[in-house]
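A quick write-up on the structure given underneath.
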Amino acid sequence: MEDKTKILVICGPTASGKTGLSIEIAQKFNGEIISADSMQVYKNLNIGTAKATKAEQEAVPHHLVDFLQPEQPYNVQIFIDCAKAAIAEITAKGKLPILVGGTGLYIESLINGIIFTYQDENKQIKEQLNKELQEYGNEHMYELLCEIDPQYAKTVHKNNYVRVLRAIEIYRLTGKRMSEQLVNSRPQEKPYNSLLIGLNYTDRQSLYGNINFRVDYMMYHGIIEEAEYVYKNKDAFITSASAIGYKEFFPYFKGENTLEECAEKLKQASRNYAKRQLTWFNRMSDINWFMIEDESYKQRACELTKKFITGNL
RNA sequence: GGGAGUGUUCCCGAGUGGCCAAAGGGGGCAGACUGUAAAUCUGUUGUCAGUGACUUCGAUGGUCCGAAUCCAUCCGCUCCCA
């Protein structure tokens with residue numbers, strides 16, 4: 044009865060073991076990996092983004108990893124276009140597409156088939172909006188939004204200027220209200236038959252401990268060099284300069300903080316990020332969670348995957 | 001040994017007699033999220049019953065109707081002179 048394309052999704056907070064599990068499953072079930080990650084797409088940013096290693100990437104084909112220059116922009120729409128193409132390509136080969144990542148917006152948008160408003164970048168409008176924000180403040184911009192789209196305004200906090208500005212931007216650019224867009228963007232049916240596997244720790248402190256450990260590891264494996272590279276190009280690296288892992292070292296390069304202080308900042312930022320990721324994934328009701336403290340999780344995840352592939356789910 | 005400080009809730013830090021369970025920040029916890037999302041933002045954070053009570057501002061004792069705030073002693077830390 045299900046003739047939709049099957050995709051396996053592996054999600055979870057940073058440092059929860061997504062990469063390891065995805066490679067194991069890919070090898071076992073003849074799969075290829077598609078990264079749902081907004082930062083691993085960039086070349087030369089390897090350590091800080093916790094990309095799969097060269098060896099891992101050679102063991103299993105990876106898509107949407109390491110294919111953009113750091114100065115190139117990336118966003119949900121690009122991700123969806125590329126991911127769709129990759130899924131089709133992998134499926135055509137008779138292989139299993141495995142979407143792996145921690146960017147909640149990307150994953151949810153793809154599996155729900157969200158249709159974003161197509162529009163060309165319009166720098167002038169963005170700049171104009173930023174100027175207005177600087178000049179008149181959050182409050183004023185929010186009032187503008189209230190005028191053009193009171194319904195959407197109710198769901199956004201006035202301080203969340205990124206969301207407020209975006210909604211105004213869409214309106215100025217296309218004449219469409221965000222509230223309409225929200226309704227129209229969601230198709231009746233999901234485009235794929237997806238199985239969602241979520242990775243997490245029973246004990247939050249273990250997750251945080253693992254994050255700290257991983258940052259320490261990165262410190263000895265080149266994150267500082269990468270950070271310096273990003274620092275020197277920060278004005279050109281629009282998306283990538285906002286990655287956690289690099290901007291935390293900027294104070295060090297400016298001579299304002301020690302390396303140790305920056306590393307602590309990075310750990311903290313990563314922990315906070317992991318929590319935000321979990322908030323996102325916890326809202327998605329159809330995730331099959333696996334707690335990684337239980338050693339058998341890989342085996343159980345494989346069993347579930349097998350059922351999914353063979354249609355016994 | 002003499003002198004000057006200082007000790008606040010998980011942390012930093014404001015508070016110098018009542019409006020103080022105590023500003024602000026951090027952290028924790030929870031949440032939001034439709035094209036920069038590793039971004040951006042929100043709520044909450046002594047305890048217990050929930051418009052009230054109780055315990056808390058190094059310790060002990062005191063002054064006062066009333067103290068984190070004043071006094072005494074003690075303990076800890078910092079700095080200066082020796």
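Residue numbers (the working numbering): 44 to 356. Where is the CB? At the ideal position from N, CA and C, for every residue including glycine.
{"Item": "Contact check, residue 5 vs residue 240, beta carbons under 8 Å", "Value": "Residue 5 lies beyond the stretch modelled for the chain, which goes from 44 to 356, so this question has no answer here."}
{"Item": "Same chain only: Cβ atoms within 7 Å of residue 320, ignoring 5 sequence neighbours per side", "Value": "56, 57, 145, 147"}
{"Item": "Contact set for residue 238: own chain, Cβ-Cβ below 6 Å, skip 5 residues either direction", "Value": "51, 351"}
{"Item": "Three-state secondary structure assigned by DSSP to residue 255", "Value": "helix"}
{"Item": "Cβ separation of residue 72 and residue 120, assumed to be a contact under 8 Å, to the nearest whole Å", "Value": "Residue 72 to residue 120, Cβ: 29 Å. No contact."}
{"Item": "Assumed close pair residue 88, residue 269 - CB separation to whole angstroms, cut-off 8 Å", "Value": "6 Å"}
{"Item": "Cα-Cα separation, residue 102 to residue 143", "Value": "16 Å"}
{"Item": "Burial state of residue 328, where buried means 16 or more other Cβ atoms lie within 10 Å", "Value": "exposed"}
{"Item": "Test item: CB-CB of residue 233 and residue 180 under 8 Å", "Value": "no"}
{"Item": "Identity of the residue in 248, 309, 63, 153 nearest residue 49 by Cα", "Value": "153"}
{"Item": "Beta-carbon gap between residue 114 and residue 66 smaller than 8 Å", "Value": "no"}
{"Item": "DSSP state of residue 140 mapped onto helix, strand, coil", "Value": "strand"}
{"Item": "Reference residue 110; option with closest CA among 86, 226, 118, 123", "Value": "86"}
{"Item": "Distance between residue 194 and residue 266 (C-alpha atoms, nearest Å)", "Value": "44 Å"}
{"Item": "Environment of residue 78 [buried if 16+ CB atoms lie within 10 Å]", "Value": "buried"}
{"Item": "Residue 47, DSSP secondary structure in three states", "Value": "coil"}
{"Item": "Residue burial classification, residue 291 (beta-carbon count within 10 angstroms, cutoff 16)", "Value": "buried"}
{"Item": "Assigned exposure category for residue 118 - 16 Cβ within 10 Å defines buried", "Value": "exposed"}
{"Item": "Inter-residue CB distance, residue 149 and residue 81 (contact presumed, cutoff 8 Å)", "Value": "7 Å"}
{"Item": "Length of the line joining the Cα atoms of residue 276 and residue 69", "Value": "36 Å"}
{"Item": "Residue 334, DSSP secondary structure in three states", "Value": "strand"}
{"Item": "Identity of the residue in 339, 200, 107 nearest residue 132 by Cα", "Value": "107"}
{"Item": "3-residue-minimum beta strand (DSSP E) runs that sit fully inside the region 125 to 178, ordered along the chain", "Value": "139 to 144"}
{"Item": "In DSSP terms, what residue 185 is bridged to", "Value": "None, per the DSSP bridge assignment."}
{"Item": "Short Cβ contact (8 Å threshold) for residue 140 with residue 129", "Value": "yes"}
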